[in-house]
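**Student:**
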Amino acid sequence: MIRITAAVAVLASLSAPCFAGLDLAGVDRGLDACADFYAYANRRWIESTAIPDDRPVWGSFAMLDERNQQLLKGALADALERPLPSEPGKRKVLQYYASGMDLAAIARAGLRPLEPQLRASAPSRSLPIFRAWSRSCNRKASRRRCNSQCART
Numbered sequence: 240m241i242r243i244t245a246a247v248a249v250l251a252s253l254s255a256p257c258f259a260g261l262d263l264a265g266v267d268r269g270l271d272a273c274a275d276f277y278a279y280a281n282r283r284w285i286e287s288t289a290i291p292d293d294r295p296v297w298g299s300f301a302m303l304d305e306r307n308q309q310l311l312k313g314a315l316a317d318a319l320e321r322p323l324p325s326e327p328g329k330r331k332v333l334q335y336y337a338s339g340m341d342l343a344a345i346a347r348a349g350l351r352p353l354e355p356q357l358r359a360s361a362p363s364r365s366l367p368i369f370r371a372w373s374r375s376c377n378r379k380a381s382r383r384r385c386n387s388q389c390a391r392t
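As numbered in our numbering, residues 240 to 392 make up the sequence shown, in order.
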């Protein structure tokens, strides 16, 4: 799956404009590069670039990551608008992505998909997620007991 995702990213990036190299417009020629090279090379960028509210840091690598994420999302969304491919690998990738985007189904499923792992984690019963799951199961079990008792009378 990673190979397919990487291929999608490469194909999507071929159609996007590419910016590489040194940004000479960002160099502050008013500063002495020998005295403070960091300020010489970065001051204009730092002054003109705001850190997004949802990020603790922001830089060229974070911008590149964000751009790649948007390219991948766009490529996968475009692929989902067409009929599913016949190749099993591509079909699985698109179905997996679509299942992660179906928020209504995720909300309906709740913790049910995690029940086997939660049962296996008996030493972790103090975790809040386990307590919530346990309360949910106890309510369901008591409803079943009540329903079965009512049916007998």
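Even glycine gets a Cβ: it sits at the ideal position worked out from N, Cα and C. None of the values given here were measured: they were computed from a predicted structure.
By Cβ distance below 6 angstroms, which residues in the same chain neighbour Tyr202 in space, the five residues on each side in sequence not counted?
**Tutor:** In the structure as shown, the chain begins at 240 and stops at 392. Residue 202 is therefore absent and cannot be evaluated.
**Student:** Three-state secondary structure (DSSP) at Ala274?
**Tutor:** Note: Ala274 maps to coil in three-state DSSP.
**Student:** Is Gly328 helix, strand or coil by DSSP?
**Tutor:** Three-state DSSP puts Gly328 in a helix.
**Student:** Are there 16 or more other CB atoms within 10 angstroms of the CB of Val332, so buried, or fewer, so exposed?
**Tutor:** That one is buried.
**Student:** Check for me: the alpha helix (DSSP H) holding Ser299 runs from which residue to which?
**Tutor:** That run of the alpha helix (DSSP H) goes Ser299 to Glu320.
**Student:** Enumerate in chain order the residues of its own chain whose CB-to-CB distance from Ala278 is below 8 angstroms, with the five nearest sequence positions on each side excluded.
**Tutor:** Contacts found: Asp267 and Leu270.
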